[in-house]
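In my numbering, the protein residues as written are 4 to 99. Taking it in order: structure first as structure tokens, then the write-up.
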């Protein structure tokens, strides 16, 4: 599932440069994550980097957007056609 940023966000900018998909942008009061660009960092890291660096701990999986590892990996491939992602690419999901 894509991640989301909760209302505890204080616009500290820690997450923005860490997103390999450039999915995080400034909203009116908090940062927002574009769910069509979020891959939970599948293919790049074994944990979502926004959550790993957020000092407010306000980056979390969005329960309204359930997706499995394969769907996230397909999105990563579509967003980064020049990258080679294998089925055992880094992921926070235990299936890898």
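All residues carry an ideal CB built from backbone N, CA and C; glycine is no exception.
- For residue 62, the secondary structure class from DSSP, reduced to helix, strand or coil, is strand.
- Counting C-beta pairs closer than 8 Å gives three or more between the stretch 36 to 43 and the stretch 20 to 27, which meets the contact rule.
- Leaving aside the five residues that flank residue 86 on each side, the residues in its chain whose CB is nearer than 8 Å to its CB run, in chain order, 46, 79 and 80.
- Comparing alpha-carbon positions, the option among 91, 62 and 71 lying closest to residue 10 turns out to be 62.
- Residue environment for residue 94: buried (at least 16 other C-beta atoms within 10 angstroms of its C-beta).
- Ranked by Cα distance from residue 14, the options 50, 49 and 30 are led by 30.
- Under the criterion of beta carbons closer than 8 Å, residue 6 and residue 51 qualify as touching, at roughly 5 Å.
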